[in-house]
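To start, the structure under review is shown below, and the notes come after it.
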Amino acid sequence: MRLSDLRDKKIRTLDGETLGRVHEVHCDKGRIIALMCGPGSFIERLTARRQGRRIPWECVRKVERDQIIVTPDPPQRKVKKTAGPRSRQGTRRPSAPRSKR
Amino acid sequence: MNPLELTLGIMTAVGGFVDISELVFAAKAGSQFGYALIWVFALATVGIIVFSEMSGRVAAVAKQPVFNLMRHRLGLKLGLLTLAASVVSTLITCAAEIGGVALILNYLTGAPYVLMAIAMTGFFIASIWVLPFKWIERTYGLLGLFMIIFATALVAINPPWSQFAGGFVPQVPKGLSTKELLTFGYFTVAIISAVMFPYEVYFYSSGGIEEQWGPKDMLTNRLTSIIGMGLGSTLAIAILANSAQLFGPANVDPEIPGSAALQAAIPFGKWGLILALLGMFFAVAGAAIETCMANAYSIAQFFGWIWGRHKKPWEAPRFTLTWLVLLMLSLVIVLTGVDVMVLVEFAVLFSILVLPLTYLPLLLLAGDKKYMGEHVNGLFANALGWLYFAVITAAAVAALPLFILTSGGNG
Amino acid sequence: MTPDSPIKLVSELLDLPLIDSEGSFCGIVDDVELSGGAGKALQLKALLVGPGGYRGRLPAWAFWLVGKLAGDRLTQVPTEKVRTIHSAVHLECPGRDLGLHQSEAAAGRWIPRRGAM
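Chains as they are written, first to last, in my numbering: chain L, 5 to 105; chain U, 4 to 414; chain X, 711 to 827.
Here is the structure:
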């Protein structure tokens with residue numbers, strides 16, 4: 005199997021629901037761990053940012069010629085954008101001694 | 004930083020700034036609209052400085068030339084489309100430069116145009132084959148400094164300096180008819196394209212890798228882009244202003260590239276004419292080599308071949324065959340008899356259409372901290388970069404309709 | 711980054727240039743070979759280099775055209791030969807050991823070896 009066999013393929017559940025197209029494949033320690041699907045594939049590629057719906061590889065049931073079949077209810081976790089300094093909101097944690105100016 | 008190297012680099016950028024398209028459009032713009040288009044040259048110059056500096060910085064830090072980034076960021080399909088469009092536009096530009104050089108030699112020596120085109124193509128092949136990269140760049144760039152005669156001619160004819168200075172203020176002349184307004188719009192787009200030709204960025208970034216730039220060369224990169232291209236732009240503006248002062252009032256339309264040389268002949272006589280033609284010859288010849296090499300760089304980088312003139316021709320065989328074939332193809336275009344001015348028009352049109360796809364991946368990568376580390380785009384560079392991206396996108400959208408409506412700027 | 715690090719195959723590996731241990735460019739990552747399948751582990755096996763790697767990435771007519779112009783040669787670079795991945799894929803060995811310089815060698819027969827400074 006090649007990466008091109010996964011990329012841009014439609015992801016469908018066994019129930020027939022279309023979840024989007026694969027625009028990213030996540031790999032760790034040499035193993036494929038997840039597919040990313042959803043809109044914004046061109047933007048994702050251009051900006052290399054994480055967006056869309058994550059489908060763990062364990063949920064993939066079948067890879068066909070033009071679609072990938074996954075379990076009916078794969079985890080709904082949407083990956084947020086890369087966290088920056090502003091992502092922490094709400095109560096501030098106890099701070100270290102402030103620098104004297 | 005070696006001051007001599009830096010000075011030579013800047014002077015090379017100055018002498019290598021003007022090519023046949025800038026020559027033609029500056030002269031025509033001046034004769035038709037006076038000083039009113041100077042601000043467009045200034046605006047476009049800042050744009051090419053911004054993107055050249057970015058491409059040099061990316062070359063020095065990420066060690067990646069522009070076309071490698073383009074393929075990685077745009078993907079194969081869109082990257083191939085951009086490559087094809089870029090190769091076509093740069094090939095036409097190269098043909099225009101070869102035709103321009105042949106014309107200039109025809110003026111200088113009286114020798115037949117076709118013979119000069121063939122002879123110069125052979126000479127370019129020999130130059131690129133024999134000389135290492137730095138010598139190629141420096142020889143033509145420094146000899147292009149003969150173009151300073153145009154700036155000297157401007158001072159000698161003593162134009163109305165207040166009007167000249169007023170030309171730097173963004174404006175649209177009052178009282179233009181609809182047709183003239185559209186022609187003004189076309190010239191605006193054409194000048195932006197001619198100054199911001201994508202091949203310049205491909206050549207500059209590849210040159211940075213040829214010269215093995217690293218993070219220590221940031222200042223060299225910045226100074227070369229800003230001072231070199233800034234000063235180079237003054238030569239193009241001088242051609243426009245000379246044309247405004249000498250050709251406009253006399254209703255002379257500088258239809259052929261050689262007309263620009265008369266700008267130096269009027270104040271300085273025969274020697275002014277000879278120096279102007281020599282300056283034009285070396286500037287346009289340098290541009291012919293640059294466009295050919297830029298195309299070869301693009302193709303080799305896109306497909307991951309060994310490339311570079313810092314290697315001997317047989318050490319980068321596919322790259323060598325590519326630039327040889329491209330030069331021959333450009334010559335074939337010239338030998339079909341198509342007018343040099345038509346080639347220039349199409350070169351400018353095709354290039355502006357490719358510009359947004361060329362600059363977008365560069366802008367994104369130069370702003371990516373993962374690749375650029377501490378040399379990532381600051382707020383100012385990012386703001387300027389995105390502003391110019393908006394400008395060139397608007398110009399790309401307007402280019403084809405304006406070209407059709409104005410019959411290529413002929414009204 | 712190494713092949714064992716967390717990596718996004720499309721935006722961080724695909725279409726990167728390959729540079730061998732001698733510093734020479736030796737192609738672009740045109741596709742990635744995976745071993746395994748649905749319902750079992752899927753492993754990164756090799757990088758695919760060459761116009762043959764365009765097969766799944768271009769429409770059929772475009773791939774046919776590429777095949778006519780550049781052939782359909784494909785070289786597999788095992789992931790064990792990859793040292794690091796960043797703005798390029800750096801290999802642990804010379805490209806010729808992996809069969810990556812064959813086209814350059816073929817083109818080199820057309821180039822005379824004299825005259826250059």
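Idealized CB from N, CA, C, for every residue including glycine.
Asked: Contacts around X:Ile-729, its chain only, beta-carbon distance under 8 Å, and the 5 residues preceding and following it disregarded; Found: Phe-735, Cys-736, Ala-798, Val-799, His-800, Leu-801
Asked: Range of the contiguous beta strand (DSSP E) that encloses L:Gly-24; Found: 22–32
Asked: Assigned exposure category for U:Pro-173 - 16 Cβ within 10 Å defines buried; Found: exposed
Asked: Coil, strand or helix - L:Leu-39 by DSSP; Found: strand
Asked: U:Glu-293 - containing alpha helix (DSSP H), residue span; Found: 265–306
Asked: Beta-bridge pairing of X:Ala-756 - partner residues as DSSP gives them; Found: X:Glu-743, X:Pro-788
Asked: Short Cβ contact (8 Å threshold) for U:Leu-366 with U:Phe-406; Found: no
Asked: Same chain, Cβ closer than 8 Å to X:Ile-738, neighbours up to 5 away in sequence not counted; Found: Asp-725, Leu-726, Pro-727, Leu-728, Val-759
Asked: Residue range of the unbroken alpha helix (DSSP H) whose run includes U:Pro-320; Found: 320–338
Asked: Straight-line gap, L:Arg-96 to U:Gly-381 (C-alpha atoms, nearest Å); Found: For L:Arg-96, the pLDDT reaches just 46, beneath the cut-off of 50, and the residue's location in the model is therefore unreliable, although a value from the coordinates is still provided. Each residue's Cα considered, the two are about 29 Å apart.
Asked: Status (buried if at least 16 other CB within 10 Å, exposed otherwise) for X:Asp-740; Found: buried
Asked: Residue-level contact to chain X via CB, U:Phe-36, 8 Å cutoff; Found: no
Asked: Sequence-distant residues of its chain with Cβ nearer than 6 Å to U:Gly-19 (five each side left out); Found: Gly-144, Gly-147, Gly-289
Asked: Three-pair Cβ contact test at 8 Å for the stretch 320–331 of chain U versus the stretch 342–356 of chain U; Found: no
Asked: Closest Cα partner of U:Pro-135 within the set U:His-313, U:Val-394, U:Ala-350; Found: U:His-313
Asked: Pairwise C-alpha distance: U:Val-204 and U:Gly-233; Found: 15 Å
Asked: Among U:Gly-282, U:Leu-324, U:Ala-286, nearest to U:Asn-298 - alpha-carbon criterion; Found: U:Leu-324
Asked: U:Ala-47 beta carbon less than 8 Å from that of U:Val-198; Found: yes
Asked: Proximity test, Cβ basis, 8 Å: U:Asn-71 and chain X; Found: yes
Asked: Proximity test, Cβ basis, 8 Å: X:Thr-785 and chain L; Found: no
Asked: Backbone secondary structure at L:Arg-6 - three-state DSSP; Found: strand
Asked: Residue of U:Leu-106, U:Val-117, U:Ser-333, U:Ala-319 minimising C-alpha distance to U:Glu-213; Found: U:Ala-319
Asked: Three or more C-beta pairs below 8 Å linking the stretch 275–283 of chain U and the stretch 256–267 of chain U; Found: yes
Asked: Spatially closest choice to U:Ala-39 from U:Thr-142, U:Glu-56, U:Thr-186, U:Leu-72, by CA coordinates; Found: U:Thr-186
Asked: Neighbour flag for U:Phe-127 against chain X, beta carbons, 8 Å; Found: no
Asked: Under 9 Å (Cβ pairs) to chain L, residues found in the stretch 717–731 of chain X; Found: Ile-717, Lys-718, Leu-719, Val-720, Ser-721, Glu-722, Leu-723, Leu-724
Asked: Coil, strand or helix - X:Arg-824 by DSSP; Found: coil
Asked: Amino acids of chain L, ordered along the chain, whose beta-carbon sits closer than 9 Å to that of X:Glu-743; Found: Met-5, Arg-6, Leu-7
Asked: Identity of the residue in U:Ile-269, U:Gly-217, U:Phe-322, U:Ser-354 nearest U:Gln-67 by Cα; Found: U:Gly-217
Asked: Inter-residue Cα distance where the pair is X:Pro-828 and U:Leu-363; Found: The first residue shown for chain X is 711 and the last is 827, placing residue 828 of chain X beyond what the model contains.
Asked: Residues bridged to L:Val-67 [DSSP beta-bridge criterion]; Found: L:Ile-72
Asked: Cβ distance (whole Å) where U:Leu-249 is taken to contact U:Ala-32 below 8 Å; Found: Actually they do not touch by this definition, with Cβ atoms about 14 Å apart.
Asked: Nearest residue (CA-CA) to U:Ser-92, options U:Ala-105, U:Ser-333, U:Ile-194; Found: U:Ser-333
Asked: Which listed residue (U:Asn-224, U:Gly-82, U:Trp-42) has its alpha carbon closest to that of U:Pro-6; Found: U:Asn-224
Asked: Local Cβ density within 10 Å of L:Thr-22, reported as buried at 16 or more and exposed below that; Found: exposed
Asked: Length of the line joining the Cα atoms of U:Ile-160 and U:His-75; Found: 52 Å
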